[in-house]
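**Student:**
Protein chains: 2
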Amino acid sequence: MSISELQQQFPAFEKGLVQEIEANSEIRSFTAGEQLMRTGQYFKSTLLIIDGLVKVYREDDQGNEFFMYYLQPGQACALSMVCAVKQETSQIMAKAVKDTEVISIPLSYMDEWMSKYKSWYHFVLETYRSRFEELLVTIDHIAFRAMDERLEFYLKKHVQTLGSNTIPLSHQEIADELNSSREVISRLLKKMEQLGKVKLQRNSIEVIRLG
Amino acid sequence: MSISELQQQFPAFEKGLVQEIEANSEIRSFTAGEQLMRTGQYFKSTLLIIDGLVKVYREDDQGNEFFMYYLQPGQACALSMVCAVKQETSQIMAKAVKDTEVISIPLSYMDEWMSKYKSWYHFVLETYRSRFEELLVTIDHIAFRAMDERLEFYLKKHVQTLGSNTIPLSHQEIADELNSSREVISRLLKKMEQLGKVKLQRNSIEVIRLG
DNA sequence: AGTCAACTATGACTTTTGTCACATTAATAA
DNA sequence: TTATTAATGTGACAAAAGTCATAGTTGACT
Chain A
2 MSISELQQQF PAFEKGLVQE IEANSEIRSF TAGEQLMRTG QYFKSTLLII
52 DGLVKVYRED DQGNEFFMYY LQPGQACALS MVCAVKQETS QIMAKAVKDT
102 EVISIPLSYM DEWMSKYKSW YHFVLETYRS RFEELLVTID HIAFRAMDER
152 LEFYLKKHVQ TLGSNTIPLS HQEIADELNS SREVISRLLK KMEQLGKVKL
202 QRNSIEVIRL G
Chain B
2 MSISELQQQF PAFEKGLVQE IEANSEIRSF TAGEQLMRTG QYFKSTLLII
52 DGLVKVYRED DQGNEFFMYY LQPGQACALS MVCAVKQETS QIMAKAVKDT
102 EVISIPLSYM DEWMSKYKSW YHFVLETYRS RFEELLVTID HIAFRAMDER
152 LEFYLKKHVQ TLGSNTIPLS HQEIADELNS SREVISRLLK KMEQLGKVKL
202 QRNSIEVIRL G
């Protein structure tokens, strides 16, 4: 029963809060590759990640997608929280990278718990804050940096998050997430390989050392 | 005495809240061009705009700046709120466009009021939400759109916010805010002028009609 | 009116990125 | 093994944006 993992992943939560979550939430499982949220969807619940890994994308009207950040166990989807107050949609897409378990909390409890549980209040605000900062970093990169730097940053982030030097993605997938084209990514990766920064395999990239 | 404008600009605030704000906050005035926040600064207070107009920029380590959004009367700086919980700095710059008056509320009251006043709680969350959305739109534009579209969007936004068809900026200033170069902006503007979308004057652009 | 500085215009060129065409290579299934 | 498919490599070219040089314009101020 994975609700027990809740306390492990969210150790700051008060006992009463954990009990309320247990009583009122639902566990949902997603297999790797499955979508948790899709563009235009209304939020009926807030998602807390207890296991697995989720990638969050921005999507435009022409179907271009753009990688924003990872959600890991112990984190929550800021968008679903932020849309709680006013029932609004958002142009966001979230996809499970690994098999993932989330706790789905009906939005109706959000307000109540905010005043009732200090730990919930701080968790929500900290979630906003960290995602906000993350978006600012994203903006920095696309606004100020060229593709080669963005690619390196992207690889770094993946190594960090995956906890492994091997990134299991094709050039095409990376190109999509950086909103570029495969050829460009291939060329840049080749250059990085010549500089000894990475080693290229089929369908995966081994990171040796980055700036 | 401009604290009376508070009720006008923030009509949703409860009477008790308004009284507390009156008792515990400070009014600060900035003349056009002055900086309200600079990169790396710690937040000691939250700012509510009661009069004037503020531009918020993102700044990178090399001093490039990038326009994010306007703050108008009735709005607040989300960053200063979001940094309230954990005392953190942020790479943000805010500049008064017109002469501006803000109410400066010590962060220590934030938490207390969140549970005490529903209107404050909703105001804070709505501030987060709308700024979050605004950042997503910004990301869309720099990730998915070319310079010509971004320029049109930029002009549109200024017309909306300024409530005037004449935008009092030089090509150089626009280039800086879009992180481009003057020549590029000049060329695009000239093209737009030939299409009858704008009329160019020295130090200002008159918008005729945009898509 | 004349001077000066800031702003704007523009052609030529470079760099970066995107696109197209096609070759090559590796993994997989028949 | 062979055939097939997806992934990668690469040269040639196009387009967008940035840079450089230089010249023209305008407004402001003696």
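Respectively, the protein sequence lines represent chains A and B.
Heads up, the first sequence is in this note's numbering, so the first residue is 2 and it goes up one at a time.
Heads up, the second sequence is in this note's numbering, so the first residue is 2 and it goes up one at a time.
C-beta: ideal position from N, C-alpha, C; glycine also.
None of the values given here were measured: they were computed from a predicted structure.
Count the CB pairs spanning the region 176-189 of chain A and the region 58-68 of chain A that are closer than 8 Å, and state whether there are at least three.
**Tutor:** Segments in contact, yes.
**Student:** Tell me the rounded alpha-carbon separation between S46 of chain B and W114 of chain B.
**Tutor:** Going from the Cα of S46 of chain B to the Cα of W114 of chain B covers about 14 Å.
**Student:** In angstroms with no decimal places, state the Cα-to-Cα distance between E207 of chain A and V57 of chain B.
**Tutor:** Computed Cα separation, rounded: 40 Å.
**Student:** E6 of chain A to P74 of chain A, Cα distance in whole Å?
**Tutor:** Answer to the nearest angstrom: the Cα atoms are 10 Å apart.
**Student:** Just to make sure I have the definition right: I need the residues of chain B whose C-beta is within less than 8 Å of the C-beta of M115 of chain A. Which are they?
**Tutor:** What M115 of chain A touches in chain B: M115, S116, Y122.
**Student:** In terms of residues, what are the limits of the beta strand (DSSP E) holding E102 of chain B?
**Tutor:** From DSSP, the beta strand (DSSP E) with E102 of chain B extends over 101-107.
**Student:** Hey, which unbroken runs of the alpha helix (DSSP H) at 4 residues or more fall wholly within the region 102-144 of chain A?
**Tutor:** Whole alpha helix (DSSP H) segments, 4+ residues: 109-117.
**Student:** Can you check the region 19-103 of chain B for any alpha helix (DSSP H) of at least 4 residues that lies completely inside it and give the ranges in chain order?
**Tutor:** 79-83, all fully within the region 19-103 of chain B.
**Student:** Would L196 of chain B be called buried (16 or more neighbouring beta carbons within 10 Å of its own) or exposed?
**Tutor:** Its Cβ having fewer than 16 others within 10 Å, L196 of chain B is exposed.
**Student:** Can you give me the C-alpha to C-alpha distance between Q161 of chain B and I51 of chain B, rounded to a whole angstrom?
**Tutor:** Distance between the alpha carbons of Q161 of chain B and I51 of chain B: 19 Å.
**Student:** In angstroms, rounded to a whole number, what distance separates the CA positions of L54 of chain B and P107 of chain B?
**Tutor:** Going by the C-alpha atoms only, they are around 21 Å apart.
**Student:** Residue range of the alpha helix (DSSP H) that E153 of chain B falls in?
**Tutor:** Its alpha helix (DSSP H) spans residues 148-163.
**Student:** Would you report the Cα separation of M193 of chain A and N204 of chain A, rounded to the nearest angstrom?
**Tutor:** For M193 of chain A and N204 of chain A, the distance between alpha carbons rounds to 16 Å.
**Student:** Below 8 Å, how does it come out for the region 118-127 of chain A and the region 14-22 of chain A: are there three or more Cβ pairs, yes or no?
**Tutor:** Contact holds: three or more Cβ-Cβ distances are below 8 Å.
**Student:** Tell me which residues share the same chain as E135 of chain B and place their Cβ nearer than 6 Å to its Cβ, disregarding the 5 neighbours each side in the sequence.
**Tutor:** Around E135 of chain B: Y70.
**Student:** On the criterion of 16 or more Cβ atoms from any shown chain inside 10 Å, does V103 of chain B qualify as buried, or is it exposed?
**Tutor:** Looking at its Cβ environment, which holds 16 or more other Cβ atoms inside 10 Å, V103 of chain B is buried.
**Student:** Taking beta-carbon pairs under 7 Å, can you tell me which members of the region 60-71 of chain B lie near chain A?
**Tutor:** Cβ contacts with chain A come from D61, N65, F67.
**Student:** Grab the span of the alpha helix (DSSP H) containing L190 of chain A for me, first residue to last.
**Tutor:** Residues 183-195.
**Student:** Go to E207 of chain A, then tell me how far its beta strand (DSSP E) extends in each direction, as first and last residue.
**Tutor:** Taken as a continuous stretch (DSSP letters only), the beta strand (DSSP E) holding E207 of chain A covers 205-208.
**Student:** Check K200 of chain B in the structure and name its three-state DSSP category.
**Tutor:** Strand at K200 of chain B.
**Student:** Quick one: which residues of the region 138-151 of chain A get their C-beta closer than 7 Å to a C-beta of chain B? List them in chain order.
**Tutor:** Listed in sequence order: T139, I140, D141, I143, A144, F145.
**Student:** Are at least three pairs of beta-carbons, each pair with one atom in the region 155-170 of chain A and one in the region 124-135 of chain A, less than 8 Å apart?
**Tutor:** Because the criterion of three Cβ pairs below 8 Å is not met, the region 155-170 of chain A and the region 124-135 of chain A do not touch.
**Student:** Considering only residues of the same chain and omitting the five flanking positions on each side of V98 of chain A, which have a CB-CB separation below 6 Å?
**Tutor:** Result list for V98 of chain A: L54, K56, in chain order.
**Student:** Name the DSSP beta bridge partners of I168 of chain B, please?
**Tutor:** Its beta-bridge partners are B:I206.
**Student:** To the nearest angstrom, how far is the alpha carbon of I140 of chain B from that of I93 of chain A?
**Tutor:** When rounded, the distance between both Cα atoms is 12 Å.
**Student:** What does the alpha-carbon distance come out to for the pair Q10 of chain B and T101 of chain B?
**Tutor:** Answer to the nearest angstrom: the Cα atoms are 14 Å apart.
**Student:** If we ignore side chains and look at the alpha-carbon of each, how far apart do R29 of chain A and I175 of chain A end up?
**Tutor:** Between R29 of chain A and I175 of chain A, the C-alpha separation is close to 28 Å.
**Student:** Hey, could you find the ends of the alpha helix (DSSP H) L211 of chain B is sitting in?
**Tutor:** Where L211 of chain B is concerned, there is no enclosing alpha helix (DSSP H), given that its DSSP letter is neither H nor E.
**Student:** For Q76 of chain B, count neighbouring C-beta atoms within 10 Å of its own C-beta (all shown protein chains included) and say buried if the count is 16 or more, exposed if not.
**Tutor:** By the neighbour-count rule (16 or more Cβ atoms within 10 Å), Q76 of chain B is buried.
**Student:** Please classify T32 of chain B as buried or exposed, where buried requires at least 16 neighbouring CB atoms within 10 angstroms.
**Tutor:** Exposed is the call here.
**Student:** Looking only at C-alpha atoms, which of B:P12, B:L80, B:L152 sits nearest to Q42 of chain B?
**Tutor:** It is B:L80.
**Student:** Taking the alpha carbon of Q63 of chain B as the point to measure from, which residue in A:H142, A:G212, A:P169 has its own alpha carbon closest?
**Tutor:** Nearest of A:H142, A:G212, A:P169 to Q63 of chain B, Cα basis: A:H142.
**Student:** Report the rounded CA-to-CA distance for M82 of chain A versus F133 of chain B, giving the unit in angstroms.
**Tutor:** Going from the Cα of M82 of chain A to the Cα of F133 of chain B covers about 11 Å.
**Student:** Cα-Cα, which of B:T40, B:Q202, B:I186 is closest to P169 of chain B?
**Tutor:** Closest by alpha carbon: B:Q202.
**Student:** In whole angstroms, give me the CA-to-CA distance for E184 of chain B and Y110 of chain B.
**Tutor:** About 48 Å.
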